[in-house]
Amino acid sequence: DMGGHDTYMHKEISEQPDAVDRVLRGRIDDRFNTVHLGGLNLDAREARGIRRVKILGCGTSYHAGLIGAGLIESLARIPADAEPASEFRYRNPVVDPDTLYIAVSQSGETYDVLAAVQELKRKGARVLGVVNVVGSAIAREADGGTYVHAGPEVCVVSTKCFTNTVVAFALLALHLGRIRDLSVAEGKRIIEGLRKLPAQISEILESEDEIKKLAEQYADAKSMMFIGRVRGYPVALEASLKLKEISYIHAEAYPASELKHGPLALIEPALPTVAIVPDDELLEKNRAALEEIKARSGRILAVAHREQEKADHTIVVPKNEDELDPILMGIPLQLLAYHTALALGRDIDKPRNLAKSVTVE
Ligand code: M6R
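For the sequence shown, counting from 1, position 322 maps to 566 in UniProt numbering; every step adds exactly one.
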């Protein structure tokens with residue numbers, strides 16, 4: 245049942261304010277300015293002993309894990325990174341007892357992720373799951389974890405589950421942070437930011453008509469570049485994957501700082517760039533990248549907190565706390581991919597060559 249929407253993807257994009265509300269519900273503790281995550285199976289003493297966090301997932305879940313790693317580093321000050329689960333499993337990784345491993349999966353059935361979890365457990369590691377489907381294989385195999393409560397996701401491409409997974413990581417990062425060195429005031433700041441998300445997502449969804457018009461203008465591109473910096477880079481990666489999957493337009497994502505190390509050679513009017521430009525400590529750096537592109541006559545579509553002079557178009561999104569901005573900046577780009585694919589007449593819910601869950605190697 246698509247509930248009045250033409251596609252499941254559109255329905256699922258629209259459900260995000262409610263979905264985010266659901267992942268937050270019942271978990272915030274205003275007394276201690278922290279969060280409770282029931283099924284983690286990780287007590288405070290164990291949480292303090294974690295020396296590193298390694299996040300594993302595939303595709304969109306890997307991208308959510310990249311943002312999650314950034315959240316854990318900044319809020320809990322634990323070194324964290326994310327890696328595609330398949331790469332991890334084939335490179336005979338050093339498995340360390342003081343590292344917390346986190347497997348991320350919407351379906352909970354992705355074979356590469358499941359196999360990585362099994363290999364880790366065989367080597368005695370502690371593995372948590374950040375999973376959407378309750379009772380799925382990865383959820384059962386993990387030592388504990390948290391469900392992301394996005395609700396059923398039918399479209400082959402992931403949207404609401406991506407957003408909810410990132411919010412779940414923000415909760416986990418806040419939880420670990422408040423056990424370690426994150427202050428009460430900082431905890432409160434993040435909680436207030438989290439509570440604003442559902443209404444801010446609704447606000448972004450209201451600009452759908454404007455985004456649709458932009459998509460129609462860019463739909464003739466043969467290829468698109470997506471750039472972002474630090475927190476914005478995984479947003480660029482995910483937006484570029486979304487565009488590829490459903491529109492079949494070639495897209496690349498690069499850290500903005502890497503442009504001058506090669507990809508700048510590609511920039512010309514026929515290759516538009518989508519730039520993630522948050523109002524944070526990196527704003528001036530990001531603006532410099534826009535200038536570099538403009539100097540080569542590249543078209544620029546910016547996602548920013550205010551109009552960007554150097555950009556041909558800016559999609560303005562509401563500001564949240566710096567750490568939580570990536571959650572909001574990804575939303576208009578889901579709609580951009582959606583309307584680009586629609587303009588090109590693609591089969592949005594069932595893109596060619598793809599399956600909802602990849603349960604084979
Ligand atoms: O169910 P999972 O989250 O484990 O799936 C992982 C990827 O296969 C999945 O995210 C894929 O990249 C989607 N088609 C993204 O839209």
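Idealized CB from N, CA, C, for every residue including glycine. Please read these numbers as outputs of a predicted model, since none were measured by experiment.
CA nearest to the CA of residue i, picked from the options
| i | options | result |
| --- | --- | --- |
| Leu-268 | Glu-460, Leu-441, Ala-509 | Leu-441 |
| residue 186 | Val-279, Ala-369, Asp-569, Leu-310 | Residue 186 cannot be examined here, being either before or after the span of the chain that is shown, 245 to 605. |
| Ile-322 | Arg-422, Thr-403, Leu-481, Leu-510 | Arg-422 |
| Glu-331 | Ala-320, Cys-302, Ala-587 | Cys-302 |
| Ser-351 | Pro-396, Ala-320, Val-338, Ala-519 | Pro-396 |
| Ala-313 | Asp-287, Val-518, Leu-344, Ser-491 | Leu-344 |
| Leu-577 | Ala-555, Leu-568, Val-547 | Val-547 |
| Tyr-306 | Pro-522, Ile-448, Thr-407, Asp-265 | Thr-407 |
| Lys-456 | Gly-542, Leu-580, Glu-447 | Leu-580 |
| Ile-448 | Ile-257, Ser-501, Leu-426, Ala-599 | Ile-257 |
| Glu-317 | Arg-335, Lys-600, Val-297, Pro-328 | Val-297 |
| Lys-538 | His-557, Ala-291, Leu-286 | His-557 |
| Val-377 | Gly-389, His-393, Ala-555 | His-393 |
| Lys-488 | Thr-390, Thr-278, Val-279, Thr-304 | Thr-304 |
| Tyr-252 | Lys-404, Val-279, Ala-329 | Lys-404 |
| Ser-491 | Glu-353, Arg-289, Lys-594 | Lys-594 |
| Glu-436 | Glu-567, Lys-504, Glu-605 | Glu-567 |
| Leu-281 | Thr-603, Ile-471, Leu-416, Asp-523 | Leu-416 |
| Val-560 | Leu-315, Ala-329, Val-357, Glu-450 | Glu-450 |
| Ile-511 | Thr-584, Asp-340, Ile-471, Asp-325 | Ile-471 |
| residue 609 | Ile-575, Gly-379, Glu-536, Pro-478 | Not covered by the structure: residue 609. The range shown for the chain is 245 to 605. |
| Lys-554 | Asp-524, Asn-530, Asp-569, Gly-283 | Asn-530 |
| Glu-259 | Ser-601, Ala-459, Val-398, Arg-540 | Val-398 |
| Ala-263 | Val-361, Ala-443, Leu-481 | Ala-443 |
| Leu-364 | Val-338, Val-279, Tyr-391 | Val-338 |
Local conformation of residue i per DSSP, three classes
| i | result |
| --- | --- |
| Ala-497 | strand |
| Leu-284 | coil |
| Val-428 | helix |
| Ala-519 | strand |
| Ala-446 | A small fix is needed here, since residue 446 is Ser in this sequence, not Ala. Residue state, collapsed to three classes: helix. |
| Ser-491 | helix |
| Ser-467 | strand |
| Lys-440 | helix |
| His-254 | helix |
| Gln-552 | coil |
| Lys-594 | coil |
| Lys-504 | helix |
| residue 222 | The structure shown has nothing for residue 222, since the chain only spans 245 to 605. |
| Glu-452 | helix |
| Ala-599 | coil |
| Arg-540 | coil |
| Asp-262 | helix |
| Leu-534 | helix |
| Glu-605 | coil |
| Lys-526 | Lys is not the amino acid found at residue 526; the sequence shown has Leu there. Three-state result, Leu-526: coil. |
Bridge partner(s) assigned by DSSP for residue i
| i | result |
| --- | --- |
| Gly-472 | Pro-499 |
| Ile-272 | Val-279 |
| Leu-485 | DSSP, once it has assigned bridges, lists no residue as partnering Leu-485. |
| His-557 | Leu-545 |
C-alpha gap between residue i and residue j, whole angstroms
| i | j | result |
| --- | --- | --- |
| Val-411 | Ile-571 | 7 Å |
| Ala-533 | Tyr-462 | 20 Å |
| Ala-483 | Ala-359 | 27 Å |
| residue 192 | Gly-293 | The question about residue 192 has no answer here: the residues shown for the chain are numbered 245 through 605. |
| Asn-597 | Asp-274 | 47 Å |
| Ala-495 | Asp-287 | 43 Å |
| Ile-272 | Met-468 | 40 Å |
| Phe-413 | Lys-255 | 24 Å |
| Lys-432 | Thr-409 | 21 Å |
| Ile-592 | Asp-250 | 10 Å |
| Ser-446 | Lys-367 | 44 Å |
| Arg-384 | Pro-562 | 38 Å |
| Arg-590 | His-505 | 34 Å |
| Thr-603 | Glu-327 | 19 Å |
| Val-428 | Ile-575 | 30 Å |
| Asp-356 | Ile-299 | 13 Å |
| Glu-290 | Glu-430 | 22 Å |
| Ala-465 | Ser-402 | 23 Å |
| Asp-524 | Glu-536 | 20 Å |
| Ala-320 | Phe-276 | 16 Å |
| Leu-588 | Leu-458 | 14 Å |
| Leu-284 | Gly-389 | 4 Å |
| Ala-514 | Lys-486 | 20 Å |
| Gln-552 | Pro-507 | 22 Å |
Just to confirm the assignment: which complete beta strand (DSSP E) runs, minimum length 3, are found wholly within the UniProt domain "SIS" (286 to 426)?
296 to 301, 324 to 328, 343 to 349, 370 to 375, 388 to 391
Which parts of the segment 560 to 591 are runs of the alpha helix (DSSP H), unbroken and 4 residues or longer, counting only runs that do not cross its ends?
569 to 573, 575 to 587
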